[in-house]
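Participant:
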Amino acid sequence: MAAPRPDRIAARLVRLPPLLWLCAFFLLPFAITLKISLSEPATAIPPYLPVLDWQGGLDGWSSFLEALNFTNYLTLARDDLYQAATLGSLAYAGAATALLVLLGTPIAYALARAPRRWQPVLVALVVVPFWTSFLIRIYAWIAILKQEGLANLVLLKLGVIAHPLVILNTDAAVMIGLTYAYLPFMVLPLYAVMDRLDPSLREAAADLGASPARIFWTVTLPLSLPGIAAGAALCFVPMVGEFVIPDLLGGSETLMLGRVLWSEFFSNRDWPLAAAVAVLLLAIVVGPVVLFRESLRGGEDTP
Amino acid sequence: MGDPAPHLDTAGLTLRGLTKRFGTHLAVDGIDLALSEGEFFCLLGPSGCGKSTLLRMIAGFEPPSAGTIRLGGQDITGLPPHRRPVNMMFQSYALFPHMSVAANIGYGLKGRPRAEAAARVDGLLRLVRLDGLGDRRPETLSGGQRQRVALARALAREPGLLLLDEPLGALDRGLREETQGELRAVQRRLRTGFVVVTHDPEEAMMLADRIGVMERGRLVQVGPPAELYRRPASRYVAGLLGDVNLIPGRLGPASPDGTRAVVTVHGTVRATDGGSSPAEGAEVVVAVRPESVRLGAEGLPATVLDATFLGDRVRRGLRLPDGSALRASAPPGDGPEPGAATRLSFAPADAVILPA
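Going down the list, the sequences are from chains A and B. Going by the numbering used here, the first residue of the first sequence is number 209, and it counts up by one from there. Going by the numbering used here, the first residue of the second sequence is number 6, and it counts up by one from there.
#1: Pull up the DSSP beta-bridge partners for I216 of chain B, would you.
#2: Just tell me which of B:G65, B:I74, B:G338, B:V298 has its CA closest to the CA of G22 of chain B.
#3: Report buried or exposed for A356 of chain B, applying the criterion of at least 16 other Cβ atoms within 10 angstroms of its Cβ.
#4: Do we get a CB-CB distance below 9 Å when we pair E502 of chain A with the residues of chain B?
#5: Hey, is L373 of chain A's beta-carbon within less than 9 Å of any beta-carbon in chain B?
#6: Rounded to whole angstroms, what is the Cα-Cα separation between W479 of chain A and M464 of chain A?
#7: Under three-state DSSP, which class holds G322 of chain B?
#8: Which full runs of the alpha helix (DSSP H) of 4+ residues lie inside the stretch 366–413 of chain A, going along the chain?
#9: Terminal residues of the continuous beta strand (DSSP E) containing K354 of chain A?
#10: Does the distance from the CB of L315 of chain B to the CB of T347 of chain B come in under 9 Å?
#11: Kindly list, in the order they appear in chain A, the residues whose Cβ is closer than 9 Å to that of F66 of chain B.
#12: Is D170 of chain B buried or exposed, if buried means 16 or more other CB atoms sit within 10 Å of its CB?
#13: Output yes or no for whether 9 Å exceeds the beta carbon distance between R240 of chain B and V290 of chain B.
#14: Below 6 Å CB to CB, which residues in the same chain sit around Y101 of chain B once its five sequence neighbours on both sides are set aside?
#15: Give me the Cα-Cα distance between L13 of chain B and G217 of chain B, rounded to the nearest whole angstrom.
#16: Where L489 of chain A and Y390 of chain A are concerned, what is the direct C-alpha to C-alpha distance, given to the nearest angstrom?
#17: At least one CB of chain A closer than 9 Å to the CB of F351 of chain B: is that the case?
#18: What residues in its chain sit with their C-beta under 7 Å from that of P196 of chain B, if we drop five residues either side in the sequence?
#19: Which partner residues of S297 of chain A appear in the DSSP bridge assignment?
#20: Closest to F393 of chain A by CA distance: which of A:N377, A:I352, A:A370, A:L308 is it?
#21: What residue does the beta strand (DSSP E) around K25 of chain B start on, and which one ends it?
#22: Counting only the same chain and skipping the five closest in sequence on each side, list residues whose C-beta sits under 7 Å from that of L311 of chain A.
#23: Just to confirm my understanding: we take I375 of chain A, look at its own chain, exclude 5 residues before and 5 after, and list those with CB closer than 6 Å. What are they?
#24: Can you tell which of B:A157, B:R223, B:S70 has the C-alpha that lies nearest to the C-alpha of V191 of chain B?
#25: Please confirm if S270 of chain A has its CB atom under 9 Å from at least one CB of chain B.
#26: For the pair the stretch 400–420 of chain A and the stretch 109–124 of chain B, tell me if three or more CB-CB distances fall below 8 Å.
#27: Do we get a CB-CB distance below 9 Å when we pair A418 of chain A with the residues of chain B?
#28: Indicate whether the contact test is met: 3 or more Cβ pairs, each with one atom in the stretch 53–60 of chain B and one in the stretch 209–228 of chain B, closer than 8 Å.
#29: Measure how close the beta-carbons of V200 of chain B and L31 of chain B come, nearest whole angstrom, since I'm counting them as under 8 Å.
#30: Please tell me whether H103 of chain B has its Cβ less than 9 Å away from any Cβ of chain A.
#31: Quick check on N476 of chain A: does DSSP put it in helix, strand or coil?
#32: Using DSSP's beta-bridge definition, name the partner residues of H30 of chain B.
#33: Short check: CB of A292 of chain B to CB of V249 of chain B, under 9 Å?
#34: Are the C-beta atoms of S245 of chain A and some chain B residue less than 9 Å apart?
This is the structure:
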């Protein structure tokens, strides 16, 4: 058994900072959240029971462990509101992801096929919205979508509609907001994959008699699937927990977990239930995150 | 039938004034070329001479700035790549990584009955000796096998003309020679016209019926390999096709046997006019291949600098009295040792007079 070589030790040291970061800012907060989710609400500071009594020694520990319970999770499972919110979150995020794939694929393709010297400018244009605060951009959508807003004004002037449409505070507004806000997260990874595709593959397909449409469906799109998977995971995961967009653009009937969490935490001051919702959210997005990792690995394999 | 120029027959490829401009740069400059049906033609030149651009114009990937491309009597200049009866084998092979070998080869057979397409793929797999590998992915194949998949895929649609961009460029030295022979054999069997682009003169000479040498966008000489090697029309072609000695001199009068005298600083030599027929007194060079240089008792005086044994021949470095260096190669055997004084000569038929 030889001692680890110095470069192996160095390799382990390099891994240490991200690990510490993960522990301090993800695992530890998550453990606290998990613990709170197993408590009961109380009119106290902090507003939950039990609190670990460090002075109580072993007895303090055992009484703490005994007091933990799964009531909040049972509530989540049994209560229609939370089921509806869970399904709502999945439905909104799923539908918006599908829309983003449909919208982002042609945009990314157009970017990748644009003349070389224009590509940096076009990619910058995709990123430019990030220069303005996310919140301000969503507020701007209120101004656009409200009854006397820009969208209705233009549609009325063009004669497309006779009466202003009710868009704001509907599902449609939430979908518009989600699609708008997350589009760059779909376009950029997809563009990165499409841009790296060997152009001679397209030429070979054309040479073998394939029309531009067939080239896209049989060559470009299948080889871009890792990018689509990456973009979809990158959008789906945060959208499931999205709070700002459904809260500002959605109606009272827009049920999403992020909103429920917020109201449990701030309105009902039921920290344990809010924490349980947070844990549920995490459980939901683990799947797509694993998928995202797999798609990255697939990208590494191709030379 | 009775056509005075058989290689102008309409079944082959005909290029007329084909030109490609990138901005102000003339990549391909007014190419006129006619290939006969089933000819194996090589475009030879260094990188940047326009040979790949010419190939891409024939394939349809680059629209020409001027000129026409005709194939089998049909003008295909304006046709998009997928409508041309021309197929291309790419330098990087461009195999579809997400498809099996069989799917790659069958990609161009869309629209044909399934059974017919499958039979055609099987036949092509046999042709390139890849039977049984149809289900494999390209990344599991060796470089030589991938090259053969690319060849089979490009042949699947029975093109009227096959374009090959540096077909052997990505292969190891040993594999190249084996593959050269195979390529030649496949072409002979199918009688499909092949146009190969290469920068390797040995490859061009080994493969082609005729070679077209390109220099800065122009086709400077076209002919069978032996003709180009023995009768280059310029110093550029002479140097591109192999080692050559260039002896400068002044042109003397023509003689009845068709050779001309060239007065050099070392003495007068006789050589054959390369076709440029310059006037008497013009500055010229005499181009002689090292294997045509004879060492013996007559000719120009020279000193042997060194002798390198190369197995099938010995190459000697020679110095002429004015300090210029020449090379002579001969089968191993007796010959002057390094340091010895000798005389060099060559048959007038083996020496070509070229513009200086």
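Backbone N, C-alpha and C define an ideal beta-carbon position, used for all residues, glycine too.
Facilitator: Taking the structure as given:
#1: B:C47, B:G228
#2: B:I74
#3: buried
#4: no
#5: no
#6: 18 Å
#7: strand
#8: 379–404
#9: Run containing K354 of chain A: none; DSSP gives neither H nor E here.
#10: no
#11: E411, A414, D415
#12: buried
#13: yes
#14: According to the sequence shown, residue 101 of chain B is Phe rather than Tyr. These residues qualify, in order along the chain: N109.
#15: With a pLDDT of 43 at L13 of chain B, under the threshold of 50, the modelled position of that residue is not reliable, and the figure given next carries that caveat. The straight-line gap from Cα to Cα measures roughly 16 Å.
#16: 19 Å
#17: no
#18: This sequence places Arg at residue 196 of chain B; Pro is not what is there. For R196 of chain B, where only same-chain residues beyond five positions count, the Cβ hits under 7 Å are G43.
#19: Beta-bridge pairing links S297 of chain A to no other residue.
#20: A:L308
#21: 18–27
#22: T387, L391
#23: L353, A381
#24: B:A157
#25: no
#26: yes
#27: yes
#28: yes
#29: At roughly 21 Å, the Cβ-Cβ gap does not stay under 8 Å, so V200 of chain B and L31 of chain B are not in contact.
#30: yes
#31: coil
#32: B:F27
#33: yes
#34: no
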